[in-house]
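Quick notes on the structure that follows.
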Amino acid sequence: MDHLEGINKNTDEIQCCYSFLIALEEKLAKLAERVDRLEQGSSRGVCSAERLTKREEEVFLVLYLHDEPLTIRHIARRLGVAEEVVEQVVESLSFKGIPLIRQYRNQEVFVSLDLKFKELQAKQNVLKIQRGIAQQVLPVE
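Here the sequence shown stands for residues 18 to 158, numbered as in the working numbering.
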């Protein structure tokens, strides 16, 4: 009898492990799908993104023209707009697929453009930035 009980317990354990493995495989499949979608999104890049608004182009150009990360406050002053506006535009740019890098230092957010994307924009103008807006944002020296 003890022998049969041992076999039953082992069988139950094996079934439990099998069920766990099936659930784990399902989760891995879902995770693989997500990774594939992310990779497709990044390979598609911003070329398929919707057109930027004038304000988005202005914020983008301020970031584009600086090699170092800028604070939201600096961008707002440069454009003469409220910091809240710049925060919203930065969120919108991220949502549209523009690769922004955010760093947090001394309770301030610093934003910069991904260098590879900056090079791509310089070579191909993938965002189709309007020349007039670029001239408005260029630093006066």
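Every residue gets a Cβ at the ideal spot worked out from N, C-alpha and C, and that includes glycine.
For clarity, every value in this text was computed on a predicted model and none was experimentally measured.
Among the options, nearest to residue i - alpha-carbon criterion
| i | options | result |
| --- | --- | --- |
| Lys135 | Glu43, Leu78, Glu73, Leu69 | Leu78 |
| Pro116 | Leu96, Ile31, Arg90, Leu144 | Leu144 |
| Gly97 | Leu110, Glu75, Ser111, Phe112 | Glu75 |
| Arg95 | Leu80, Ile24, Asn142, Ala46 | Leu80 |
| Ile124 | Val103, Ile31, Ile89, His20 | Here the sequence assigns Gln to residue 124, which means Ile is not the residue at that position. Selected option, being the one with the closest Cα: Ile89. |
| Gly149 | Arg72, Thr28, Gln105 | Arg72 |
| Glu101 | Val126, Ile31, Leu41, Tyr121 | Val126 |
| Leu110 | Leu130, Ile39, Glu30, Ala93 | Leu130 |
The alpha helix (DSSP H) enclosing residue i, as first and last residue numbers
| i | result |
| --- | --- |
| Gln141 | 132–141 |
| Ile89 | 89–96 |
| Gln105 | 100–112 |
| Glu75 | 71–81 |
Residue i versus residue j - alpha carbon distance
| i | j | result |
| --- | --- | --- |
| His91 | Leu69 | 21 Å |
| Phe37 | Asn25 | 18 Å |
| Met18 | Ala46 | 42 Å |
| Phe112 | Glu67 | 10 Å |
| Ile118 | Val107 | 10 Å |
| Val128 | Val103 | 11 Å |
| Gly114 | Lys140 | 18 Å |
| Glu42 | Gly23 | 28 Å |
| Glu35 | Leu21 | Note on identity: in this sequence residue 35 is Tyr, with Glu being the wrong assignment. Cα-Cα distance, rounded: 21 Å. |
| Asn27 | Cys33 | 10 Å |
| Ala99 | Lys44 | 44 Å |
| Leu132 | Gln120 | 15 Å |
Opening and closing residue of the beta strand (DSSP E) in which residue i lies
| i | result |
| --- | --- |
| Leu117 | 117–122 |
Residue i Cβ short of 6 Å to the ligand FAD heavy atom set
| i | result |
| --- | --- |
| Pro116 | In the structure on display, the ligand FAD does not appear, and there are no ligands present to speak of. |
Are there three or more Cβ pairs, one per stretch, closer than 8 Å when the segment 72–91 is compared with the segment 40–51?
no
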